[in-house]
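Asks: Before anything else, here's the structure in question.
2 protein chains.
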Amino acid sequence: MIPGKGWVRRIEVEKPSLRNNTADVERLEKSLMHEFGDGPVRIPLTVVQTLPSNLRSWEFKTKAVMFRDKASWIVIDLLAPDSEKAVLGAAIDIGTTRIEMALIHLETGVEAGKIGFDNPQALIGPDVLARIHYSSRPGGLEELNRLVIKEINQNLSFLCQTCGYEKEDIYLVTAAGNTAMTHLFMGVESFDIIKEPYIPGINIPDTMPGRDLGLDIHEHALVYLFPNIGSYFGGDLIAGILFSDLDKKEEPCLMVDVGTNAEIVVGSKDFLIACAGAAGPALEGGVSKMGMTAKPGVIDRVWVDPESREILFHTIEDQKPVGICGSGMIDLAAALFVSGRIDIRGKFSESACGKNLIEKEGIKTFILVDETLSGTGEPITLSQVDLNSLTSSKAAMYTILEVIVKNTAGLEFTDLKKFYVAGTFGSFINPVSAISIGMLPDIPVSVFEVLGNSSMGGAKLLLTSPDAFDRILNIRQSITYIELNVNQEFMNMFSGAKFYPHTDASRFPSVRVP
Amino acid sequence: MIPGKGWVRRIEVEKPSLRNNTADVERLEKSLMHEFGDGPVRIPLTVVQTLPSNLRSWEFKTKAVMFRDKASWIVIDLLAPDSEKAVLGAAIDIGTTRIEMALIHLETGVEAGKIGFDNPQALIGPDVLARIHYSSRPGGLEELNRLVIKEINQNLSFLCQTCGYEKEDIYLVTAAGNTAMTHLFMGVESFDIIKEPYIPGINIPDTMPGRDLGLDIHEHALVYLFPNIGSYFGGDLIAGILFSDLDKKEEPCLMVDVGTNAEIVVGSKDFLIACAGAAGPALEGGVSKMGMTAKPGVIDRVWVDPESREILFHTIEDQKPVGICGSGMIDLAAALFVSGRIDIRGKFSESACGKNLIEKEGIKTFILVDETLSGTGEPITLSQVDLNSLTSSKAAMYTILEVIVKNTAGLEFTDLKKFYVAGTFGSFINPVSAISIGMLPDIPVSVFEVLGNSSMGGAKLLLTSPDAFDRILNIRQSITYIELNVNQEFMNMFSGAKFYPHTDASRFPSVRVP
Chain A
12 MIPGKGWVRR IEVEKPSLRN NTADVERLEK SLMHEFGDGP VRIPLTVVQT
62 LPSNLRSWEF KTKAVMFRDK ASWIVIDLLA PDSEKAVLGA AIDIGTTRIE
112 MALIHLETGV EAGKIGFDNP QALIGPDVLA RIHYSSRPGG LEELNRLVIK
162 EINQNLSFLC QTCGYEKEDI YLVTAAGNTA MTHLFMGVES FDIIKEPYIP
212 GINIPDTMPG RDLGLDIHEH ALVYLFPNIG SYFGGDLIAG ILFSDLDKKE
262 EPCLMVDVGT NAEIVVGSKD FLIACAGAAG PALEGGVSKM GMTAKPGVID
312 RVWVDPESRE ILFHTIEDQK PVGICGSGMI DLAAALFVSG RIDIRGKFSE
362 SACGKNLIEK EGIKTFILVD ETLSGTGEPI TLSQVDLNSL TSSKAAMYTI
412 LEVIVKNTAG LEFTDLKKFY VAGTFGSFIN PVSAISIGML PDIPVSVFEV
462 LGNSSMGGAK LLLTSPDAFD RILNIRQSIT YIELNVNQEF MNMFSGAKFY
512 PHTDASRFPS VRVP
Chain B
12 MIPGKGWVRR IEVEKPSLRN NTADVERLEK SLMHEFGDGP VRIPLTVVQT
62 LPSNLRSWEF KTKAVMFRDK ASWIVIDLLA PDSEKAVLGA AIDIGTTRIE
112 MALIHLETGV EAGKIGFDNP QALIGPDVLA RIHYSSRPGG LEELNRLVIK
162 EINQNLSFLC QTCGYEKEDI YLVTAAGNTA MTHLFMGVES FDIIKEPYIP
212 GINIPDTMPG RDLGLDIHEH ALVYLFPNIG SYFGGDLIAG ILFSDLDKKE
262 EPCLMVDVGT NAEIVVGSKD FLIACAGAAG PALEGGVSKM GMTAKPGVID
312 RVWVDPESRE ILFHTIEDQK PVGICGSGMI DLAAALFVSG RIDIRGKFSE
362 SACGKNLIEK EGIKTFILVD ETLSGTGEPI TLSQVDLNSL TSSKAAMYTI
412 LEVIVKNTAG LEFTDLKKFY VAGTFGSFIN PVSAISIGML PDIPVSVFEV
462 LGNSSMGGAK LLLTSPDAFD RILNIRQSIT YIELNVNQEF MNMFSGAKFY
512 PHTDASRFPS VRVP
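For the record, the sequence lines run as chains A and B.
Numbering of the first sequence is given in my numbering, commencing with residue 12 and proceeding in unit increments.
Numbering of the second sequence is given in my numbering, commencing with residue 12 and proceeding in unit increments.
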């Protein structure tokens, strides 16, 4: 952040005199507008009530903790000019599966601590659909809302305690989630999100008092939720675009968030085009779902030994293997393909696989780790059914990328100056593997850049950069959201993309088809 | 009010479709902006939470209860389109001595009931000065604030009960008071109001949630307090200007509010000039203070019998006389003067008064009612000291009127198309008497118009007319407030005005000096 240019600033208020005998609030507003920019200012009554004596005892200097809504600047609190009290903001990524939170010092931008925990709504339903269905039962919405708010309160309290702060030190919360998670966080009826014509209750929530949401933080704390584009394009992606600076790029870049769905944005300072993979049925329950989540013993990297042509792997914390994660799965498919163990149609080759390919309940199954080496006592395998699912997912991903970059934006993949991969799962994908199987386009590896949790990144950015407030609304207004029409043309493109790496191998010059 | 053009309106929201699949809140905002005017809209979270199901069960029609703040339109609540629930507003005149309240149906403008009661802060101090001093003691401000809020809550509750409504039916409160009363109502530190350079804590309070003020009404009710110009020119006068339409007049008019002080505004649609009598020390503890407040037996009218030249009077409810009220005092002075019982210097004439003039503790005292006819057993009298005080007051009033109309606005009294007399005390003044003693200028009696409680009138107007919101801020911004400089010129003018009716009798051609 730019020092002294955040939401907390030291300001000086003009002293009153017979020639300048306007009210204390008016002189305060004038100083705030001079410092932050013109516009109406809202000040909580409790701050107004003690303003006269505070200004005088502070010699007409103060440290102002500010935020904004759509229409006004808002004073959250005024502190003594030399106050050393911690002034914290909390950034929250409200994931469907996992919630991440970070505490940030609003004056310096320094991170004070962070914490992650499972979204407690998972007890009620693992995915958005199940939770929204549950929310329409009597009391269901309230229960889902209470679960997430309670868990966030407990974790904020725990995090503050751990880092040596009070929960009342949190003045500002910025949070991003998909449209459903945003609705459930606010306790807004969300049933129409999943029914044609797919109507969210709200797209652009305005800044809200934390107490209205039941957050147990500073009594005047404000909460900002990143806006949605629609039912299938949430605030987490707007936060990601903000974090990637896509809206400021001179030349076109692309960001893909690979989570439960894949959401893609391509653009620059001149345009932003987005689509969400939920519209592509092949991606539903996509790649990431097949794999396990990261824990000790999970296979996270797979490669072919250049000499022996054997398939080697690495497990987390070098434990005995217990399973394979999503990114490991992509590595595995790539290793199987480049070693000729699967053919360009994505089918296991009996000759190349040899004794590692068995038939199990009538389905060809590749044994990656036999039971003697496995940490579970069971072999770790990949069946043709699993592989077909992965093939569909990678084909859907490539097709959607092609539709948005080529057919919609009218660009070539080589025009992209940066290809950002966001999302927890996306962070671990090896681009070389993903290119090898034709999941990602064949562009130089240096163009790919891992963003990590970009939703969290965007939420943190807003805590430290007042400029981000307008950028968010501008991003929201300027995005063209493409509904993926799964028409005949799409299905033709999809069919080609189901080959390894593609029916048109010339698209993947760097991939040596065995 | 213009039917259907108040704060409560029935609106229709566009139904969603695949072609118009914006969020429910967005389509609601669009309808509200179409109905009320462009601008940001704020909607309470609880309204958003149930908006999707409500809109659908109401077939996308609703009755919207709205208000505004400086920056936004605010939804207070949404009701079913055919709801017959009462939607009430409360107008409050927060007088230093007395508080008046009225309940108004926001849909029709019809008054549902009204009530008046003494300001309970009078227990702590009779006037502004005493209360502000008390407010600076530890806990003093909170106590004063609690007293007035508690009494208002009790009276609102009682009024609602009496009229057959619930206190939750009150969605909007508009209140006007002087600067000190406004501060104490809000619980804002007000000590600097009375200390040079006379700085109010706040001049233009923004619309506030009723619950922040401790008002026990609808949970999302909003409260609007009329803005002050400064420490000595309060929201009650802005409300009065609004009520008198001074800001819309084609030709100059004048409004004077005669209460504890006298505040004067002269102007039209082109200009507004104001001054407050508190700056003129002669008016402090002025006319109205000398008299009793109205109650049975109080002398409220005095006149000279044209034949017998005797002084006659009327008492409230025709009871035996017990005292004399402020307006009766002006009548009495006029009767004494036109009958020659006091001379042009304002001194009792022994010859004209005869046996009715006695000497009491060395001071000449006129006996209006002797002990045999008095309801108290004591004679009702007017001493030379009382009369001198009245003379100073009437002279100060005339001088201030002259300064503001002639010296400041550059007008003649005859240029005034209307001379509005506001305030409870002002309502009872007989203009003929006031002209006779040289308190009010000698203009046709038809030019004078009694406004009554214009502060309450303005507060009621805002409850029924959304246009009034902008007018109030425009009035506030366009007023030129004149600090009365009590300089040599003023003192010379004041000396002339202490004569009956004036040293320059040609200013009062209609007054026959005996």
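Ideal placement from N, C-alpha and C gives every residue a C-beta, glycine not left out.
Mind pulling the alpha helix (DSSP H) runs of 4 or more residues that sit fully within the region 230 to 262 of chain B?
Replies: For the region 230 to 262 of chain B, whole alpha helix (DSSP H) runs of length 4 or above, ordered along the chain, are 246 to 255.
Asks: Which term fits S506 (chain A), buried or exposed, when burial requires 16 or more other beta carbons within 10 angstroms of its beta carbon?
Replies: Label assigned to S506 (chain A): exposed.
Asks: For D104 (chain B), count neighbouring C-beta atoms within 10 Å of its own C-beta (all shown protein chains included) and say buried if the count is 16 or more, exposed if not.
Replies: D104 (chain B) comes out buried.
Asks: Helix, strand or coil, according to DSSP, for I341 (chain A) in the structure here?
Replies: In this structure, I341 (chain A) counts as helix in the three-state DSSP scheme.
Asks: Give a yes or no on contact between the region 211 to 230 of chain B and the region 176 to 195 of chain B, applying the rule of three or more CB pairs nearer than 8 angstroms.
Replies: As far as the Cβ criterion goes, the region 211 to 230 of chain B touches the region 176 to 195 of chain B, which means the pair count is three or higher.
Asks: When the distance is taken between beta carbons, is I391 (chain A) closer than 7 angstroms to P332 (chain A)?
Replies: Contact: yes.
Asks: If we cut at 7 angstroms on Cβ distances, does E40 (chain B) have a partner in chain A?
Replies: Answer no: the Cβ-Cβ gap between E40 (chain B) and chain A never drops below 7 angstroms.
Asks: Against chain B, with Cβ distances strictly below 7 angstroms, would P63 (chain A) count as a contact?
Replies: Output row for P63 (chain A): interface = yes.
Asks: From K41 (chain A) to R79 (chain B), what distance separates their C-alpha atoms?
Replies: Roughly 22 angstroms between the two C-alpha positions.
Asks: Give me the Cα-Cα distance between K26 (chain A) and E23 (chain B), rounded to the nearest whole angstrom.
Replies: If I take the Cα positions, the gap works out to 51 angstroms.
Asks: Is the distance from the Cβ of V76 (chain B) to the Cβ of V98 (chain B) below 7 angstroms?
Replies: In contact: V76 (chain B) and V98 (chain B) (Cβ atoms closer than 7 angstroms).
Asks: Name the two residues that bound the continuous alpha helix (DSSP H) containing F47 (chain B).
Replies: Unbroken alpha helix (DSSP H) run through F47 (chain B): 35 to 47.
Asks: Applying a beta-carbon distance threshold of less than 9 angstroms, which residues of chain A neighbour T33 (chain B)?
Replies: Ordered by position in chain A, the residues that pass the 9 angstroms Cβ test against T33 (chain B) are I210, P211, N214, G241.
Asks: Locate the beta strand (DSSP E) running through E361 (chain B), then write down its first and last residues.
Replies: It is not in any beta strand (DSSP E) - E361 (chain B) instead sits in the alpha helix (DSSP H) that spans 361 to 364.
Asks: My assumption, with CB atoms under 8 angstroms, is that S447 (chain A) sits in contact with G463 (chain A). Please give the rounded CB distance.
Replies: That pair is no contact at about 23 angstroms.
Asks: What does D268 (chain B) pair with, by DSSP beta-bridge criteria?
Replies: BP columns for D268 (chain B) point to B:E274, B:A433.
Asks: If we count the other Cβ atoms within 10 Å of its Cβ and call it buried at 16 or more, is L384 (chain B) buried or exposed?
Replies: Label assigned to L384 (chain B): exposed.
Asks: Are the region 411 to 431 of chain B and the region 366 to 376 of chain B touching, with three or more C-beta to C-beta distances below 8 angstroms?
Replies: No: the two stretches stay apart, fewer than three of their Cβ pairs being nearer than 8 angstroms.
Asks: Can you round the beta-carbon distance between G212 (chain B) and V276 (chain A) to whole angstroms, since I take them to be within the 8 angstroms contact cut?
Replies: Contact flag wrong, Cβ pair sits at about 48 angstroms.
Asks: In its own chain, which residues sit with a C-beta less than 7 angstroms from the C-beta of A287 (chain A), not counting the 5 before and 5 after it?
Replies: The answer, listed in chain order, is Y243, F244, N272, E274.
Asks: Taking only beta-carbon positions, decide if M534 (chain B) is within less than 7 angstroms of chain A.
Replies: Past the boundaries of the shown model lies residue 534 (chain B); chain B is included only from 12 to 525, so the question cannot be answered.
Asks: So, at 7 angstroms on beta carbons, what are the nonlocal neighbours of T425 (chain A) in its own chain, with the 5 sequence-adjacent residues on each side left out?
Replies: If we look at T425 (chain A) and ignore the five residues flanking it on each side, its Cβ neighbours are I454.
Asks: Considering Cα atoms alone, identify which of B:V461, B:H144, B:G48 is closest to D481 (chain B).
Replies: Considering only alpha carbons, the answer is B:G48.
Asks: Rank A:S444, A:T402, A:T185 by C-alpha distance to the C-alpha of V315 (chain A) and give the top, closest one.
Replies: When each option's Cα is compared against that of V315 (chain A), the closest is A:S444.
Asks: List, in order along the chain, the chain A residues whose C-beta lies closer than 7 angstroms to that of M219 (chain B)?
Replies: Going along chain A in sequence order, the residues near M219 (chain B) (Cβ under 7 angstroms) are L56.
Asks: Rounded to the nearest angstrom, what separates D268 (chain A) and R67 (chain A) at their Cα positions?
Replies: Taking the straight line from one Cα to the other gives about 52 angstroms.
Asks: Give the straight-line distance between the Cα atoms of E111 (chain A) and L167 (chain B), rounded to the nearest whole angstrom.
Replies: The alpha-carbon atoms of E111 (chain A) and L167 (chain B) are separated by roughly 48 angstroms.
Asks: Please list, in chain order, the chain B residues whose beta carbon lies closer than 8 angstroms to that of Q330 (chain A).
Replies: Result: empty, since nearest Cβ-Cβ is about 47 angstroms, beyond 8 angstroms.
Asks: Between the Cα of I205 (chain B) and the Cα atoms of B:P216, B:L134, B:D217, B:M192, which residue gives the shortest distance?
Replies: Nearest option by C-alpha distance: B:M192.
Asks: Report, in whole angstroms, the separation of the C-beta atoms of T475 (chain A) and I115 (chain A), which I expect to be a contact under 8 angstroms.
Replies: Confirmed, Cβ separation roughly 7 angstroms.
Asks: Identify, in the order they occur along the chain, each residue of the same chain with its Cβ nearer than 6 angstroms to the Cβ of A293 (chain B), setting aside the five sequence neighbours on each side.
Replies: Caution is warranted here: a pLDDT of 37 is assigned to A293 (chain B), below 50, making its placement in the model unreliable, and no coordinate value can be reported.
Asks: Using a Cβ-Cβ distance cut-off of 7 angstroms, determine whether L155 (chain A) contacts chain B.
Replies: Closer than 7 angstroms: no.
Asks: DSSP on I411 (chain A), reduced to helix/strand/coil?
Replies: I411 (chain A): helix per DSSP, three-state reduction.
Asks: For F244 (chain B), go through chain A and note every residue whose CB falls closer than 8 angstroms to its CB, in chain order.
Replies: Those within 8 angstroms of F244 (chain B) in chain A number zero; the least Cβ separation is about 12 angstroms.
Asks: Residues of chain B with a CB under 7 angstroms from the CB of P149 (chain A): which are they?
Replies: Here the premise fails: no neighbours, minimum Cβ distance about 12 angstroms.
Asks: Is there a Cβ of chain A sitting closer than 7 angstroms to that of G291 (chain B), yes or no?
Replies: Because the pLDDT of G291 (chain B) is 37, which lies under 50, any placement of that residue in the model is unreliable, and the question is left without a value.
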